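Asker:
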Amino acid sequence: MHQGHSCPHCGSDMDPIRTPLDSSWGGEIHHICFNDDCCYFLESWKALENQRIEKTGYRCRMDPRGGCGPAPVWSESALRDMVLKEDTEEPGSADCFGVQAFGRDDETPDRDFYTKPRFVDHLDACALETVEQLYRRLIPAGATILDLMAGPESHLGKVADAAEIVGLGLNREELTANKALSEYVIHDINVDPVLPFPDNRFDVVVNTVSVDYLTQPLEVFREAARVLKPDGIFITVFSNRMFPPKAVNIWKRGTEKQRVELIRKFFSLSGRLAIQGYYESVGKPRPKDDKYYDLGIPGDPIYAVWGKPTGK
Ligand SMILES: C[S@@+](CC[C@H](N)C(=O)[O-])C[C@H]1O[C@@H](n2cnc3c(N)ncnc32)[C@H](O)[C@@H]1O
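The sequence shown maps to residues 271 to 582 in my numbering.
1) Of all the alpha helix (DSSP H) runs that stay within the bounds of the region 470-547, which reach a length of 4 or more residues?
2) Can you tell me which of 519, 582, 379, 424 puts its alpha carbon nearest to the alpha carbon of residue 497?
3) So what's residue 364 in DSSP terms, helix, strand or just coil?
4) According to DSSP, is residue 354 part of a helix, a strand, or is it coil?
5) Please state if the CB of residue 456 and the CB of residue 442 are separated by a distance shorter than 9 Å.
6) For residue 344, count the other beta carbons within 10 Å of its own beta carbon; 16 or more makes it buried, fewer makes it exposed. Which is it?
7) Could you check the C-alpha separation between residue 380 and residue 440 for me, to the nearest Å?
8) Quick check: the region 417-425 against the region 537-557, are there 3 or more CB pairs under 8 Å?
9) Could you tell me the alpha carbon to alpha carbon distance between residue 272 and residue 323, rounded to whole angstroms?
10) According to DSSP, which residues form a beta bridge with residue 310?
11) Would you please verify whether the beta carbon of residue 409 is less than 9 Å from any beta carbon of chain B?
12) Kindly indicate the opening and closing residues of the alpha helix (DSSP H) around residue 381.
13) What did DSSP end up calling residue 441 once you bin it into helix, strand or coil?
14) Measure the C-alpha to C-alpha separation of residue 296 and residue 290 and round it to an integer number of angstroms.
15) Under 8 Å, with one C-beta from each stretch per pair, do the region 443-463 and the region 487-501 reach the 3-pair mark?
16) Cα separation between residue 426 and residue 555?
17) Which same chain residues, not among the five before or five after residue 301, have their C-beta less than 6 Å away from its C-beta?
18) At a cut-off of 8 Å, would you count residue 423 as near ligand 1, judging by its Cβ distance to the nearest heavy atom?
19) Grab me the residues of residue 429's own chain with a C-beta within less than 6 Å of its C-beta, minus the 5 sequence neighbours each way, in chain order.
20) With DSSP as the reference, label residue 573 as helix, strand or coil.
21) Only counting the same chain, and skipping five residues up and downstream in sequence, which positions put a Cβ closer than 7 Å to that of residue 326?
22) Between the region 503-512 and the region 568-575, do three or more beta carbon pairs fall short of 8 Å?
23) Please look up how many angstroms separate the CB atoms of residue 473 and residue 512, rounded, as I've assumed it's under 8 Å.
24) Mind checking whether the beta-carbon of residue 323 lies closer than 8 Å to any heavy atom of ligand 1?
25) Do residue 453 and residue 423 count as a contact pair if the criterion is CB distance below 9 Å?
26) Helix, strand or coil, according to DSSP, for residue 396 in the structure here?
27) Going along the chain, which residues of its own chain have a beta-carbon closer than 8 Å to the beta-carbon of residue 382, five neighbours each way excluded?
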C-alpha cells in the first residue's frame with residue numbers, strides 16, 4: 271500500500287501517515303521521510319535553533335496533491351506512531367498479558383452494575399467535540415454503524431447521513447435515550463463476546479470510552495472484524511476516566527501511553543484486524559464551564575486507534 275515515494279532530499283523511502291486531524295495539510299494520506307540523517311531534517315533543526323525556536327524540526331512531507339512541504343516534529347520519534355501499517359501478528363491469546371490482567375475489583379455481573387442508567391458525561395465538552403470531529407472524518411457518508419457498548423450518546427452527530435446506527439449495550443433506559451440509534455440490542459459481551467449479528471453486517475464499528483471494561487478483548491476485536499464488511503473500519507476511542515471497580519486490572523495499572531500500546535496489541539493479536547491509524551489529542555485546556563475546571567487539570571485526553579479487517 272502507498273508505495274513508491276522517495277524523499278527528494280535523501281532518496282529514502284517515505285512512509286504514509288493519515289493527515290493529522292489538527293493540521294491544515296488537507297488531503298487524506300501524506301508521505302513523510304523518517305530518515306534521521308536526511309539533510310532536510312538535520313538542517314531544519316539548525317535553522318530553527320538559529321531563530322531561537324528550540325525542540326522543533328521539520329521532516330520532508332510529500333503532499334498527495336503533488337509537491338513537498340514541511341511536517342513539523344518536536345523529537346526524532348514524533349509522528350512515527352502514525353505510520354500506517356498493514357502488518358498484523360498471528361492470532362494470539364490473552365495469556366501473554368499476565369495472570370489476572372483482565373480481572374476486576376468488582377466481578378459481579380455487569381448487568382447488575384448497569385441496572386441503573388448512568389447518565390453521566392464521560393468526557394469534557396472539548397474532548398467530546400474532538401471525538402465527533404474524528405468520527406466525522408473517518409466515517410464515510412451513508413454508513414451502517416455498530417456502536418459497541420453504547421450509552422445515551424453515540425457521538426456520531428456530525429457523521430454525514432448514517433444509513434443505520436445500531437447500539438449494543440446493557441441498560442435499556444440509556445439506549446432508549448440515545449436518539450441517534452435506529453435500533454438497539456441488550457447483550458453482555460463479557461458474558462458472551464460473540465456479537466449477535468451476521469458476518470459483513472456493518473461498514474463501521476465504534477467503541478467509545480469503553481474498551482477498558484472488556485474482559486475478553488481479543489474475542490471482541492475478532493468479532494468486530496467478523497461483523498464488518500471487508501472494507502469496513504473498527505474505531506476505538508479512549509480516554510482516562512473510568513468506573514474503577516469495573517475497569518480491568520491491566521488498564522488501571524498502565525500509563526496512558528501503555529494503554530495505547532495495549533489497544534494496538536488487541537488489534538494485532540486479534541489476527542483479524544490491521545491498524546490503519548492513530549490519533550491523540552492531549553493537553554488541551556479544560557473548558558471553563560466544566561465541573562472539574564477548578565481542579566486546574568488539563569482537558570480530558572482523547573486517543574484513538576482504528577483498523578480494518580484483514581479478511582483472515
Ligand atoms: C463509559 S460508558 C460509555 C458509553 C458510550 N459508549 C459513550 O461513549 O458515552 C460504558 C458503556 O458500556 C456499556 N457496557 C459496559 N459493560 C458492558 C458489557 N459487559 N456488555 C455490553 N455493554 C457494556 C454500558 O452499558 C455503558 O453504557
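Glycine included, C-beta positions come from ideal geometry on N, C-alpha and C. Note that this is a predicted model, so its numbers are computed, not measured.
Answerer: On the basis of the data shown:
1) 487-497, 519-523, 526-540
2) 582
3) helix
4) coil
5) yes
6) exposed
7) 8 Å
8) no
9) Residue placement at residue 272 is poorly supported in this model, since its pLDDT is 45, which falls under 50; the coordinates still yield a value, given next. Distance between the alpha carbons of residue 272 and residue 323: 33 Å.
10) Bridge partners of residue 310: none, in fact.
11) Checking the listed chains, one finds no chain B in this structure; it contains a single protein chain.
12) 380-383
13) coil
14) 9 Å
15) yes
16) 23 Å
17) 275, 284, 286, 332
18) yes
19) 405, 406, 409
20) strand
21) 318, 342, 344
22) yes
23) So it is not a contact: roughly 29 Å between Cβ atoms.
24) no
25) no
26) helix
27) none
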